Amino acid sequence: MLSLVYSLTSGHVSVHLWQVFQMLHTMFQKDGIDYFTEMMPALHNYITVDTPAFLANPEHVQIIYNMCKTVMSADIGEDAECHAAKLLEVIILQCPGQVDHVIPSFIELALSRLTREVLTSELRTMCLQVVIAALYYNLPFLMDTLSKLQIPNVNGSLLAQFLKSWFHDIDCFVGLHDRKITVLGLCSLVNLISNNRPNEVSEVSAQIIPALLLLFSGLKRAYAAKAKEDEDSSDEEDEDDDEEKDENELASDEDEVDEDGAQYLEKLEKSANEDDDSDNEYSDDGMEETALESYQTPLDEDSCQVDEYQVFKNVLQSIQTADPVWYQALMTPVTPEQTKELEDVFKLAEQRHAAAESKRIEDAGGYVFQNQSVPQNFNFGT
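Each residue of the sequence shown is one higher than the last, beginning at 1 in our numbering.
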């Protein structure tokens with residue numbers, strides 16, 4: 001049944017299928033909590049395929065939140081909890097400016113879970129990512145929320161506790177999406193003007209640039225691995241097309257495979273593999289993709305124009321001019337080796353900008369300009 005719901009909601013969510021959404025919630029409440037991860041692909045479709053319809057009824061958002069809260073409060077395993085936290089992050093990134101009323105509840109749920117024992121880095125980072133997504137969504141709103149929230153067993157500044165956990169686990173953010181949203185979150189944080197910058201942020205200034213460089217190092221490997229994976233997939237598709245032409249006359253209706261159903265099973269298989277793996281699951285190629293990355297957000301779409309390299313470069317250069325004291329605080333701890341890494345990140349930002357501009361012109365039917373000139377030196381003087 002869940003595979004069928006996923007297939008039916010992959011392209012369009014009809015009025016009748018929204019009734020099925022209510023049925024899924026009823027099933028979950030009765031005895032379906034153990035099947036939450038199996039529901040996840042369909043729930044993701046309901047949020048992302050027809051977002052206006054999802055938001056049109058406030059009950060829809062509340063239903064998702066209640067399901068996630070139940071999962072993250074029950075003892076059914078951290079894999080299911082990771083999926084629940086991911087669903088919260090998806091809502092935040094999918095619905096910018098439209099879910100302010102639920103952000104505090106999302107933040108409270110994620111941070112409260114971190115006050116209890118967490119066995120895996122995946123759940124720790126996924127809970128942190130809910131807050132990071134809210135930071136990227138609306139930083140002033142998040143700061144206000146953190147100042148008002150009261151989390152049991154958390155003494156002192158909630159913002160300080162969050163930042164401490166974030167930087168402690170900075171090397172646990174893996175794959176493309178997790179690193180990208182973390183970079184964007186840090187860029188939003190450092191871009192706070194002095195009048196609005198909390199002391200807690202100033203106190204971690206020495207950790208910010210090294211953390212960003214670590215993330216960019218992983219991103220570079222991850223993008224290279226993804227490019228290779230895409231190339232390999234393209235080669236396999238070409239081979240499959242050739243085989244299909246040869247065997248087409250022998251094929252019968254019974255041999256046909258439903259693509260959407262196959263994608264659903266693939267997502268569940270990835271989830272199972274993720275649950276079996278530990279903190280040491282990540283490969284050396286830098287891709288390190290987990291099952292949760294298959295649940296895409298607007299930041300993961302090929303058409304997304306938000307490039308974390310260019311955002312970082314623009315933010316740092318803006319701070320250098322507009323707030324030299326803060327810039328110096330960020331850059332003073334940076335070593336000569338890290339300065340070289342920073343220069344490489346800036347060069348790559350220029351290259352990515354040139355490539356994106358070339359693709360934009362090509363898609364518009366214009367000329368493609370090759371060999372864009374990229375500056376070889378950047379001034380990081382303090």
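Ideal Cβ positions, reconstructed from N, Cα and C, are used throughout, including at glycine.
The structure displayed is predicted, hence computed values, not measured ones.
query: Can you list the beta strand (DSSP E) stretches of 3 or more residues lying completely in the segment 130 to 156, in chain order?; result: none
query: Indicate the three-state DSSP secondary structure (helix, strand or coil) for G32 in the structure shown.; result: helix
query: Beta-carbon within less than 7 angstroms of Q310's beta-carbon, same chain only, minus the 5 sequence neighbours each way: which residues are those?; result: A349, R352 and H353
query: Please state whether the Cβ-Cβ distance between V183 and I208 is less than 7 angstroms.; result: no
query: Could you pull out every residue in the same chain whose Cβ sits closer than 6 angstroms to the Cβ of D307, ignoring the five residues on either side in sequence?; result: R352
query: Might you give, ordered along the chain, the residues of its own chain that have their beta carbon closer than 8 angstroms to the beta carbon of P210, omitting 5 neighbours on each side?; result: P333, V334 and Q338
query: Rounded to whole angstroms, how far is the Cβ of H177 from the Cβ of L88, which I believe are closer than 8 angstroms?; result: Contact flag wrong, Cβ pair sits at about 14 angstroms.
query: Does DSSP put Y327 in a helix, a strand or coil?; result: helix
query: Please report the distance separating the alpha-carbon of F162 from that of E117.; result: 16 angstroms
query: In whole angstroms, what separates the C-alpha of L93 from that of Y137?; result: 7 angstroms
query: Is the CB-CB distance between K69 and L109 below 7 angstroms?; result: yes
query: I'd like to know whether the C-beta atoms of S112 and I170 end up nearer to each other than 7 angstroms.; result: no
query: Residues in its own chain within less than 6 angstroms of T125 by CB, not counting five upstream and five downstream?; result: D169, C172 and F173
query: Closest to L215 by CA distance: which of G365, C187 and S233 is it?; result: C187
query: With a threshold of 8 angstroms on Cβ separation, who are the neighbours of V154 within its own chain once the five nearest residues in sequence on each side are excluded?; result: L111, T115 and Q161
query: For F312 and L212, which I take to be in contact (beta-carbon distance under 8 angstroms), what is that distance rounded to the nearest angstrom?; result: 7 angstroms
query: Report, in whole angstroms, the separation of the C-beta atoms of G175 and E78, which I expect to be a contact under 8 angstroms.; result: Contact flag wrong, Cβ pair sits at about 18 angstroms.
query: Please name the residue, chosen from L135, Y295, D302 and Y327, that lies closest to G97 on a Cα-to-Cα basis.; result: L135
query: Please state whether DSSP places V61 in a helix, a strand or coil.; result: helix
query: If you draw a straight line from the alpha carbon of E203 to that of G11, how long is it in whole angstroms?; result: 47 angstroms
query: Is DSSP giving L213 helix, strand or coil here?; result: helix
query: Judging by CA-CA distance, which residue of S165, I33, A206 and E38 is the nearest neighbour of N66?; result: I33
query: For T9, which residues from the same chain have a beta carbon less than 7 angstroms from its beta carbon, with the 5 sequence-adjacent residues on both sides left out?; result: L17, A42, N45, Y46 and V49
query: Do R179 and L119 have their beta-carbon atoms positioned less than 7 angstroms apart in this structure?; result: no
query: So, is G185 buried or exposed, given that buried needs 16 or more other C-beta atoms within 10 angstroms?; result: buried
query: Per DSSP, what kind of secondary structure is N196 in: helix, strand or coil?; result: helix
query: Once DSSP output is grouped into helix, strand and coil, what is the label at P333?; result: coil
query: From A364 to C304, what distance separates their C-alpha atoms?; result: 16 angstroms
query: Distance, Cα to Cα, A85 vs V130?; result: 7 angstroms
query: Considering only residues of the same chain and omitting the five flanking positions on each side of V345, which have a CB-CB separation below 6 angstroms?; result: F216
query: Locate the alpha helix (DSSP H) running through F173, then write down its first and last residues.; result: Careful: F173 lies outside any alpha helix (DSSP H) and carries neither H nor E.
query: Indicate whether E38 and C82 have their beta-carbon atoms separated by less than 7 angstroms.; result: no
query: Distance, Cα to Cα, A291 vs V325?; result: 42 angstroms
query: Are the beta-carbon atoms belonging to I63 and H101 less than 7 angstroms from one another?; result: no
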